[in-house]
Amino acid sequence: MKNNKMKILSAVAVFALCAVLLATGAQAKVYTTDEIAEIARGILACELSKSGASSVQVWLDGENAEGASMPSEWLVIGLRQSGEKFDFSAYADALEAQYLMRSARNATGSQKYALTMIAAGRKDDEAVARIADETVGAQGIMSYIFGLHLITNGAPSENHTADSVISEILSLRRDDGGWSLTGARSDVDVTSMAVQALAPYYDGSDEVKAAVDEAVGLLASRQLEGGDFASYGNENAESVAQVIVALSALGIDIQQDSRFIKNGNTAIDGLLKYRLPDGGFSHMQGGEYNSSATAQAYYALVAYLRCRDGRSPLFVFDDAEIIEPPEIESEQKSQAKSAESEPVAESAGDAGQTEGDGKQAEIPKSSYKLWVILGIAAAAALVCALFWLTGQRNIKNFIFIILLAAIAAAAVALVDIKTASEYYTGTLEPKENVAGRVTMTIRCDVLVGVAKDEHIPSDGVILAVTEFEISEGDTVYDVLMEAARAYRIHTETEGTNYISGIANIYELDYGDLSGWAYLVNGERPSVGCGEYKLRDGDTVEWHYTLELGDDIR
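Now the structure itself:
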């Protein structure tokens, strides 16, 4: 009998010991706020190193301002909410100038612009009110999500209220409790973004609370063993970032909530799977630096730090007290002075895009800028003289004219404008060190006979199958830009990974899921066109899609 008791006690002890060991092995590493902040600073140091800027402020005033577009908008929002003090005026001026130059402005793109302008301190900008009034719901779920962000941050709207937009978002839920752009199954990214928009209203509405709670449960069920998440079957950094922002907006500590710890890994662990040695982030594990993934990783870490500090969600731009920023030095600070004097990526004029992340485009040697700036100075001097001669000598008048002239001169200095003939060369330029040849075609077959637009060819072929030489490291984006210049194909991009328009046919023109997608050798890559490096013999196809690419596979 005594032996039986001993056996039972021994078994219980072994079981308890195993349980303790398992629990210890599954316990997640908890990163301190200092460690998280250091990772975020590492991202900024990476960006500074790539730009050659000596500080974040210099970077905002220089390269980032000249290329003000996605994904730098996300970085600006992250910087605005980081608690550090920056001047976004030069960035906002450049962003406004670029926005006004765009020939096509879809609803969500305009909303992101307005949201960034609010973050940069331009809430009273006329375009912000107009965008909030005209774009909400114009392009499905995403335009409701970003529209609600605008209203939450005080953008005036005569046609929409927070309650009306919330009702629309809730009405678009899928049966599984989340949201998606298409199909019956919810998507992690879209669900997270919907939760981000609804978070400020969580405590004030039982209906919102119930919907958000169900969505949080869905996100918990979708978390992978490594702590990260997948969108449309692809594990990626951006999906993890969106979940972190969503949960942080609700005050959920992702390092403490057991629902979001899988196999001892939290969402922070999941995000860090995509971190590169230089502090930047890749889109997919093992991939190269990706500007979008890096920007979203940064603002996700900022969102989590705000959660830990008990501050407002990432997309609620309150007037919380800010602190002076610590100095963040790039590896190239010693060369900053010379780097700042060198030209950086320019605007491509009619094409409305920059040459790429970290690549410097050749700037024409024309001295037109000097003459335009001198003309502005002369005009300002003339106006000041007229004020003086007519007796209107209030110092405020002169200050206003000088400031106006300074802004105009800065705009001329920031934007390098090429004529169509300068940009669209009309010929394929020979390459040195040719590493191979690829073919590319651009088509919009799905629009033939469906849409009436003078820009749609009768056969759907914008560019027939054409051969291009490639150098080592050339991407799909590089070849597309080469084709655009050589064959005078108007192309608009956001960064180097996202193509918003080709041949005056734009994303979202023909539905919420419409836009441009590319195939390589008949397959749809999971990375942006600026990341896919081509090899000899590759076949590239650009297609306009009505269903997020499902109709071209």
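Mapped onto my numbering, the consecutive letters of the sequence shown carry residue numbers 26 to 578. Ideal Cβ placement from N, Cα and C applies to all residues, glycine included. From a predicted model like this one, the values you see are computed outputs, not experimental measurements.
Beta-carbon separation (whole angstroms), residue i vs residue j, contact threshold 8 Å
i	j	result
TYR569	CYS469	4 Å
THR160	ALA132	4 Å
THR452	ALA511	6 Å
GLN136	LEU175	6 Å
CYS332	GLY276	6 Å
LEU243	THR216	6 Å
CYS71	THR319	7 Å
GLU572	LEU538	5 Å
For residue i, the first and last residue of its enclosing beta strand (DSSP E)
i	result
SER525	523-527
LEU301	Counting along the chain, LEU301 falls outside any beta strand (DSSP E), and DSSP gives it neither H nor E.
VAL463	459-468
TRP567	564-570
ALA582	This structure cannot settle anything about residue 582, because the visible part of the chain is limited to 26 through 578.
LEU544	540-545
Boundaries (first-last residue) of the alpha helix (DSSP H) holding residue i
i	result
VAL161	VAL161 -> no alpha helix (DSSP H), and no H or E assigned at all.
TYR502	501-511
ILE487	ILE487 -> not in any alpha helix (DSSP H); beta strand (DSSP E) instead, spanning 486-496.
THR319	316-333
THR516	Premise fails: THR516 lies in the beta strand (DSSP E), 516-519, not in any alpha helix (DSSP H).
THR10	No answer is possible for residue 10: it lies beyond the span of the chain, which begins at 26 and ends at 578.
VAL83	81-86
ALA65	58-76
ILE99	The sequence shown places Trp at residue 99, not Ile. It spans 97-105 - the alpha helix (DSSP H) in which TRP99 sits, taken as one unbroken run.
SER337	It is not in any alpha helix (DSSP H) - SER337 carries neither H nor E in the DSSP assignment.
GLN267	262-274
LYS148	Premise fails: LYS148 is in no alpha helix (DSSP H) and is neither H nor E.
Contacting residues, own chain, Cβ-Cβ under 7 Å from residue i (five flanking each side not counted)
i	result
GLY540	GLU532, LEU533 and THR570
VAL552	HIS308, MET309 and GLY312
GLY574	ALA542 and ARG549
TYR314	LEU301, GLY305 and SER307
CYS554	THR500, VAL501, TYR502, LEU505, ASN522, ILE524 and TYR543
ILE487	ILE467, ARG468, CYS469, ILE514, ILE527 and ALA528
CB contact flag (residue i, residue j, <9 Å)
i	j	result
GLU239	GLY251	no
SER246	ASP212	no
ASP253	GLY202	no
GLY172	ALA157	yes
PHE340	ALA274	yes
THR500	LEU544	no
ALA292	ILE269	yes
CYS409	ILE427	yes
VAL473	ILE467	no
TYR523	SER264	no
ASP282	THR58	no
ILE191	TYR226	yes
TYR299	LEU100	no
GLU64	LEU326	Position check: residue 64 holds Ile in this sequence, whereas Glu was assumed. Closer than 9 Å, so yes.
CYS456	GLU494	With the sequence shown as reference, residue 456 is identified as Lys, and Cys is not the correct amino acid for it. Yes.
SER97	GLY87	no
VAL504	VAL565	yes
ASP149	GLU121	no
PHE113	LEU140	no
ASP214	GLN267	yes
ILE530	ASP576	no
LEU69	VAL83	no
Own chain residues within Cβ distance below 8 Å of residue i, not counting five before or after
i	result
GLY562	GLY461, ARG462 and VAL463
ILE194	ILE166, TYR169, ILE170, LEU173, TRP204, ALA219, ALA222 and LEU223
ALA404	ALA430
Contacting residues, own chain, Cβ-Cβ under 6 Å from residue i (five flanking each side not counted)
i	result
SER337	ASP343
GLU497	ALA460
TYR56	ILE293
THR444	Caution applies to THR444, whose pLDDT of 49 falls short of 50 and renders its modelled position unreliable; the value that the coordinates give is listed next. So no residue of the chain qualifies.
LYS362	Legend: pLDDT at LYS362 = 34, less than 50; position of this residue unreliable, no value from coordinates given.
LEU272	ILE279
LEU104	PHE111
SER391	Confidence in SER391 is poor, its pLDDT being 43 and thus under 50, which makes the residue's placement too unreliable to answer from.
PHE425	none
GLU447	Annotation note: pLDDT 49 at GLU447 (below 50); position unreliable, coordinate value reported separately. Once the five neighbours on either side are set aside, GLU447 has no close Cβ partner at all.
ARG418	none
Check: residue i C-beta below 8 Å from any heavy atom of the ligand FMN
i	result
SER525	Absent from the structure shown: the ligand FMN. Ligands present: none.
Query raised in the report: Do the region 278-287 and the region 300-309 touch if we need at least three Cβ pairs shorter than 8 Å?
Result: no
Report task. Evaluate contact between the region 191-201 and the region 141-153, counting only Cβ atoms and requiring at least three cross-stretch pairs below 8 Å. Result -> no
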